[in-house]
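Residue numbers (UniProt numbering): 1 to 112.
Take a look at the structure:
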């Protein structure tokens, strides 16, 4: 977590590109999946967890292509961390808890 506009996202994109170039002998293509954490939340109750599920189903399709290197960038992740901290103190609605839990579970499920 750092000040906005310092280039964190640009650095991650450049790193993903460099990885794709360096590993081009092993992977024919590279895929950068950029997740904006605020886009994971729906205004409808219980829809947010489903959005996370659909997004990771699509990511899994990229991962299943054995000739692809997949890099996942979670932008504004500090918002999720704050939500999780607030949830422990009971200040956040349970739908936010579902989103964070679904995201962490799906990240853990990724094998490669």
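Positions of the beta carbon are idealized from the N, C-alpha and C atoms, including for glycine.
- Within the same chain, Cβ atoms closer than 8 Å to the Cβ of residue 60 are found at 110, the five residues on either side in sequence being excluded.
- Taking each of 2, 66 and 11 in turn and checking the Cα distance to residue 26, the smallest one comes out for 66.
- When the alpha-carbon of residue 46 is set against those of 96, 14, 11 and 69, the nearest one is in 96.
- Closest in alpha carbon position to residue 9, among 76, 63 and 39, is 76.
- Residue range 29-36 is occupied by the beta strand (DSSP E) that includes residue 32.
- Within its own chain, the residues whose Cβ lies closer than 7 Å to the Cβ of residue 48, once the five positions on either side in sequence are excluded, are 40, 41, 42, 95, 98 and 99, listed in chain order.
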